Amino acid sequence: MLNSPSLVRRWLVQGMKRILWSVADRRRIHVKLFVSDIRQAQRTILGVGTYFSTNCSLCAKTRGIQKKKDLSEKKLTRYFVDHRTVKLVAGTGGKGACTFHSEPRKEWGGPDGGNGGDGGNIVIKVDQQVKSLSLLTPVYCGEDGERGASKNRYGRNATTTYIRVPVGTVLKENGKTVAELSRHNQEYVAVYGGAGGKGNRFFLSNENRAPTQITQAEEGQQRILHLELRTMAHAGMVGFPNAGKSSLLRAISNARPAVAAYPFTTLNPHVGVVQYQDHVQVAVADIPGIIRGAHMNRGLGISFLRHIERCHFLLFVLDLSVPQPWTQLRDLRFELEQYQPELSRRPQAIVANKMDLPEARENLAALEGHVTQQVIPVSALTGQNVEELILYLRQLYDGHPHAEEVVGIRPSKG
């Protein structure tokens, strides 16, 4: 009989090798005790054929703590589109058919090719549920009309393609305004579809009893339009960031724009409606903050200055917590004048906000000494003099003649 201890030892060594190889094949072995010399640990313990994973906390490369973005930076990346250029291609008409009627005992029954259907128009329609132009695509193509068929069957006319836009959309072509859409469900036919081709049945006459002539279908019109969204409001509140325009709009109307203690809280226009006892409604727009150099596309740039163009009168909101508040009025008027001449000369009111602060009274006295117009001191936080502002707003509304609506220039169909 062989030496039993040696057999047992050999059997144990072989069993351990089988176990280690199977473990290495099925799972990863995490090295935590041999971080300093992983290769030596591999040669010493398990031999060739085993791989190691170094995803433990001791082997992983440390990362620096990433700074979380401020809330204001996140909100500045919001996607609000108030202008868009689109190409419109109307549908092509259907082709006319060239066929002849044929049946038993009547092989020469004459021409029976039907006409093709007309191509589809593209219509721009106002929808008050749409708030931005961000859903518009660069190209819109209308449907083509169906082809004519035998047995005098006419092709089906294509359906109209509708493009839904917000209230206050202005359509421009080559820099000229062609339409202003200011009512809900208002429609503007932008391009007309092509007429369908004539089948050979159309050319049947006493002189030609078997015509083979057909006409080709017409292509639809093509047009490139620039769409701009301008806020429809009677009054527009103009001021620097963090002047309290959104808080003031919440105080005088039922609008609920975002209010926070950092600049550029308002990133797109908000419109609130002031209700009076005689059922008169005055719309007031909260325009995003303007900074010095906005006419040169600084800050939010001139992208929101176009919303002021449609406002009949302006409310300059000044921050009384800042020394020399009259410089705010001077800079705001300068930016408006650089963007569009005579824009700052529209009927206006000067609203001095944040009267609840201790330094506001001293700054208000300095402001009244530098301007000749009436200054309305208010506090959007406490509601001080808000009623006086609402009454003065009604005076501006009653004294301003409302402009007539522009219907638009339609393309010629011929």
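According to the numbering used here, the sequence shown is numbered sequentially starting from 964. Glycine included, every Cβ here is placed at the ideal spot set by N, Cα and C. Computed from a prediction, not measured in an experiment: that's the story for all the values here.
The alpha-carbon of G1160 is positioned some 31 Å away from that of V1141.
For V1247, the closest C-alpha among the options G1235, R1127, L1292 is that of G1235. Secondary structure of R981 (DSSP, three-state): helix. Closest in C-alpha terms to C1104, from the list I1126, E1143, A1112, S1209, comes I1126. Counting the other CB atoms within 10 Å of its CB gives L1098 a total below 16, which places it among the exposed residues. Listed in chain order, the non-local C-beta contacts of R1110 below 6 Å within the same chain comprise G1057, K1058, G1079, G1118, local neighbours out to five positions each way being set aside. Under DSSP, the beta-bridge partners assigned to P1074 are F1063. H1233 counts as buried, since no fewer than 16 other beta carbons sit within 10 angstroms of its beta carbon.
The C-beta of A1328 has fewer than 16 other C-beta atoms within 10 Å across all chains shown, which makes the residue exposed. Counting only residues of its own chain and dropping the five nearest sequence neighbours on each side, L1356 has a CB closer than 7 Å to the CB of A1198, V1237, V1245. In summary, P1067 is exposed, with fewer than 16 beta-carbon neighbours lying within 10 Å of its beta-carbon over all protein chains present. For I1313, no alpha helix (DSSP H) segment is defined; the enclosing uninterrupted segment is the beta strand (DSSP E) at 1311–1316. Distance check between R1309 and each of L1277, P1340, Y1302, A1323 places L1277 closest, using alpha-carbon atoms only. With contacts defined as CB atoms closer than 9 Å, T1055 and S1113 fail to qualify as a contacting pair. The beta-carbon distance between I1085 and L1134, rounded to whole angstroms, is 12 Å. This is too long to meet the 8 Å contact definition. C-alpha of V1130 to C-alpha of T1048: approximately 17 Å in a straight line.
Distance from the Cα of Y1239 is smallest, within the candidate group S1095, G1077, E1350, V971, for E1350. Cβ neighbours of V1154 within its own chain (closer than 6 Å, five residues either side excluded): L1051, A1053, I1085, Q1184, R1186.
The straight-line gap separating the alpha-carbon atoms of L1190 and H1046 is approximately 5 Å.
Counting every other CB atom within 10 Å of its CB across the protein chains shown gives T1175 a total below 16, marking it as exposed. Here the alpha carbon of F1203 sits roughly 22 Å from the alpha carbon of L1192. For W1071, the closest C-alpha among the options V1128, V1152, R1172 is that of R1172. Taking 9 Å as the cut-off, the beta carbon of H1275 is found closer than this to the beta carbon of L1359. L1167 sits in coil when the DSSP states are folded into three classes, being neither helix nor strand. Residues of the same chain with a CB within less than 8 Å of the CB of L1167, apart from the 5 flanking positions on each side, are G1073, P1074, P1174 in chain order. With respect to K1088, E1150 sits close: the two C-beta atoms are nearer than 9 Å. When secondary structure is reduced to three states using DSSP, A1053 falls in the coil class, being assigned neither helix nor strand.
Nearest to N1163 by alpha-carbon distance, out of T1123, A1206, R1116, is R1116.
Put simply, the stretch 1332–1344 touches the stretch 1305–1319. At least three CB pairs are less than 8 Å apart. Take H1363, set aside five residues on each side of it, and the residues of its chain with a beta-carbon closer than 7 Å to its own are H1275, F1276, P1310, in chain order. Around the beta carbon of L1295, 16 or more other beta carbons sit within 10 angstroms, so the residue counts as buried.
Q1238 is bridged by DSSP to Q1244. Note on E1181: 16 or more other CB atoms within 10 angstroms of its CB, so buried under the neighbour-count rule. Within a 10 Å sphere around the beta-carbon of L1354 sit fewer than 16 other beta-carbons, which makes this residue exposed. Bounds of the beta strand (DSSP E) holding E1143 are 1139–1144.
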